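**Q** No gaps in the numbering here: position 77 of the sequence shown is 487 in the working numbering, and each next residue is one more. Cβ atoms here follow ideal geometry from the backbone N, Cα and C, with glycine treated the same way. Just so you know, these numbers come straight off a predicted model, no measurement behind them.
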Amino acid sequence: MRPFCKKCFFSELDPDGVYNEIKDMIAALPEEKRADDDTYRHRLDICGSCESLGSGICGKCGCFVELRAAKKDMYCPSEDKKW
């Protein structure tokens, strides 16, 4: 695993470990509950510039941001709801 990186996602830090489990969880989401690709990328772009992101984990709620962003009905847990 690479050293701690405040602004990285798990896909960049640990491609063969935890991220594979997250990818499997995303793939297991029913299609109707999964955000479309454009929405998913947009959400990750916003999370990537957030000061609360730390090694793929949201500092506001403790979730894996890549999994949270993949869920259609989820939202940003920040006070100002960035997405």
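Using CA coordinates, which residue listed in Gly427, Val428, Phe419 and Arg451 is at the minimum distance from Lys481?
**A** Here residue 481 refers to the residue found at position 71 when the sequence shown is read from its first residue. The residue with the shortest Cα to Cα distance from Lys481 is Arg451.
**Q** Quick check on the DSSP output: the alpha helix (DSSP H) that includes Asp410 runs from which residue to which?
**A** Only positions 411 to 493 of the chain appear in the structure, and residue 410 is not among them; the question remains open.
**Q** Could you tell me which of Ala445, Glu461, Leu477 and Lys491 sits nearest to Ile432, measuring between CA atoms?
**A** Position 22 of the sequence shown holds residue 432. Of Ala445, Glu461, Leu477 and Lys491, the residue nearest in Cα terms is Leu477.
**Q** Does the separation of the CB atoms of Lys492 and Ile467 fall below 8 Å?
**A** Walking along the sequence shown from the start, residue 492 turns up at place 82. Walking along the sequence shown from the start, residue 467 turns up at place 57. No, the pair does not count as a contact, with Cβ atoms beyond the cut-off.
**Q** Any idea what DSSP makes of Leu463, helix, strand or coil?
**A** Locating residue 463 in the sequence shown gives position 53, where the first residue counts as 1. Residue state, collapsed to three classes: strand.
**Q** Expressed to the nearest angstrom, what Euclidean distance is found between the alpha-carbon atoms of Tyr485 and Asn430?
**A** Looking up residue 485 in the sequence shown gives position 75. Looking up residue 430 in the sequence shown gives position 20. Between Tyr485 and Asn430, the C-alpha separation is close to 23 Å.
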